[in-house]
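Every letter in the sequence shown is one number past the one before it in UniProt numbering, and letter 56, counting from 1, is 56. Yeah, the Cβ is synthetic: ideal placement off N, Cα and C, and Gly gets one too.
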Amino acid sequence: MKSIRAYFMAKFYDTAIKKVEENCLSQWRSDLLGNLSGDVLEIGSGTGLNLKYYPKTVNMLVLTEPDSNMRHILNQRIEESDKDNILMANYHAESIDLPDESFDYVVSTLVLCSVKNPLNSLTELKRLLRPNGQLIFMEHVAADDNPKLLKWQKRIEPFWKWIGCNCHLARQTENVIKQAGFNSN
Ligand SMILES: C[S@@+](CC[C@H](N)C(=O)[O-])C[C@H]1O[C@@H](n2cnc3c(N)ncnc32)[C@H](O)[C@@H]1O
Numbered sequence: 001m002k003s004i005r006a007y008f009m010a011k012f013y014d015t016a017i018k019k020v021e022e023n024c025l026s027q028w029r030s031d032l033l034g035n036l037s038g039d040v041l042e043i044g045s046g047t048g049l050n051l052k053y054y055p056k057t058v059n060m061l062v063l064t065e066p067d068s069n070m071r072h073i074l075n076q077r078i079e080e081s082d083k084d085n086i087l088m089a090n091y092h093a094e095s096i097d098l099p100d101e102s103f104d105y106v107v108s109t110l111v112l113c114s115v116k117n118p119l120n121s122l123t124e125l126k127r128l129l130r131p132n133g134q135l136i137f138m139e140h141v142a143a144d145d146n147p148k149l150l151k152w153q154k155r156i157e158p159f160w161k162w163i164g165c166n167c168h169l170a171r172q173t174e175n176v177i178k179q180a181g182f183n184s185n
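Now the structure itself:
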């Protein structure tokens with residue numbers, strides 16, 4: 001049953017997100033990724049919606065995606081792109097079999113809501129970053145400043161998680177990022 005949901009999630013992901021993409025996400029992706037350089041790791045790359053925003057100043061781009069349905073579409077996007085510096089892998093963010101301090105940037109967009117263990121994932125990402133490396137993230141989070149909305153997020157979260165392949169609506173991701181040792185300097 002889970003594999004059927006994962007199949008449909010991958011197949012309809014771009015269509016489902018299209019309006020939000022047009023309204024804001026594509027601009028945010030461009031702002032976040034447009035100035036990156038050096039060696040970059042992206043976790044949970046999905047169908048590869050970030051791909052077109054990486055500039056030529058990126059030396060090596062490693063895209064990881066654990067779901068095979070997503071990877072199938074991601075692979076097509078990579079082949080259609082004009083980039084020849086991309087490696088694709090199937091790691092979960094919690095355990096990435098690459099050496100310490102391998103990357104200048106680690107990118108996570110709309111992924112920390114879905115990982116099994118956010119703290120383990122972020123600790124792993126910190127390990128992979130070079131001393132002056134940066135975590136670049138865009139995540140939806142718990143509406144802590146809006147009690148009414150937060151109540152609804154919590155109410156529908158069990159259903160949302162089921163249909164959205166473990167997507168949590170009310171995670172306090174910023175706290176976990178800090179807990180993993182990242183700071184905003
Ligand atoms: C909502 S999609 C986001 C896709 C893409 N990053 C984007 O910005 O459109 C969430 C992605 O996280 C992936 N994912 C789920 N659990 C994961 C984990 N433990 N480690 C890495 N990626 C994971 C899913 O397979 C899915 O591709």
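Here's the rule I'm using: 16 or more other beta-carbon atoms within 10 Å means buried, otherwise exposed. How should Ile73 be labelled? By one-based count along the sequence shown, residue 73 stands at place 73. So Ile73 counts as buried.
Quiz item: If Ser121 sits next to Glu94, beta carbons under 8 Å apart, how far is it from one beta carbon to the other, in whole angstroms?
Solution: In the sequence shown, residue 121 corresponds to position 121, counting from 1. In the sequence shown, residue 94 corresponds to position 94, counting from 1. About 5 Å separates the two Cβ atoms, so the contact holds.
* Rounded separation between Asn132 and Leu169 - CA only -> In the sequence shown, residue 132 corresponds to position 132, counting from 1. In the sequence shown, residue 169 corresponds to position 169, counting from 1. So the alpha carbons of these two residues sit roughly 31 Å apart.
| task | Compare the Cα-Cα distances from Leu33 to each of Pro66, His140, Arg127, Val58 and report the closest residue. | result | Position 33 of the sequence shown holds residue 33. With distances taken between Cα atoms, Leu33 lies closest to Val58.
**OP:** Starting from the N-terminal side, write out each stretch of the alpha helix (DSSP H) that is 4 residues or longer and does not extend beyond the UniProt domain "Methyltransferase type 11" (41 to 137).
**Re:** Listed in chain order, the complete alpha helix (DSSP H) runs (minimum 4 residues) inside the UniProt domain "Methyltransferase type 11" (41 to 137) are 68 to 80, 118 to 128.
- Would you list the residues sitting across from Asp39 in a DSSP beta bridge? Within the sequence shown, the letter at position 39 stands for residue 39. BP columns for Asp39 point to Met60.
Exercise. When you compare each of Asn85, His92, Gly181 to Ser68 by their alpha carbons, which one comes out closest?
Worked result: Position 68 of the sequence shown, counted from the first residue, corresponds to residue 68. Among Asn85, His92, Gly181, the Cα nearest to that of Ser68 belongs to His92.
By a C-beta neighbour count over all protein chains shown, 10 Å radius and 16 as the cutoff for buried, is Pro99 buried or exposed? As a working mapping, residue 99 is identified with position 99 in the sequence shown. So Pro99 ends up on the exposed side.
Under 8 Å between C-beta atoms of residue 186 and Thr109 = The structure shown does not extend to residue 186, since the chain is modelled only from 1 through 185, so no value can be given for it.
Say the cut is 7 Å; is the CB of Ser26 nearer than that to a heavy atom of ligand 1? As a working note, residue 26 is residue 26 in the sequence shown. Taking 7 Å as the cut-off, the C-beta of Ser26 does not count as close to any heavy atom of ligand 1.
Out of curiosity, what's the CA-to-CA distance linking Asn50 and Arg155?
As a working note, residue 50 is residue 50 in the sequence shown. As a working note, residue 155 is residue 155 in the sequence shown. Each residue's CA atom was taken as its position, placing Asn50 and Arg155 some 31 Å apart.
- Query: From Asp145 to Gln76, what distance separates their C-alpha atoms?
  - Reply: Reading the sequence shown from its first residue, position 145 is the one you call residue 145. Reading the sequence shown from its first residue, position 76 is the one you call residue 76. Answer to the nearest angstrom: the Cα atoms are 40 Å apart.
| task | Look up Phe182 in the DSSP assignment and say whether it is helix, strand or coil. | result | Within the sequence shown, the letter at position 182 stands for residue 182. Correct three-state label for Phe182: coil.
### Task
Using only alpha-carbon positions, find the residue among Val115, Thr15, Leu63 that is nearest to Asn90.
Within the sequence shown, numbered from 1, the residue matching residue 90 stands at position 90. Residue Leu63 is the option with its Cα nearest to Asn90.
query: CB of Ala93 to nearest heavy atom of ligand 1: below 7 Å?
result: To locate residue 93, count along the sequence shown from 1; it is residue 93. Yes, the beta carbon of Ala93 sits closer than 7 Å to at least one heavy atom of ligand 1.
**Prompt:** Does the Cβ of Asp67 lie closer than 7 Å to at least one heavy atom of ligand 1?
**Reply:** The residue you call residue 67 lines up with position 67 of the sequence shown. Within the cutoff, so yes.
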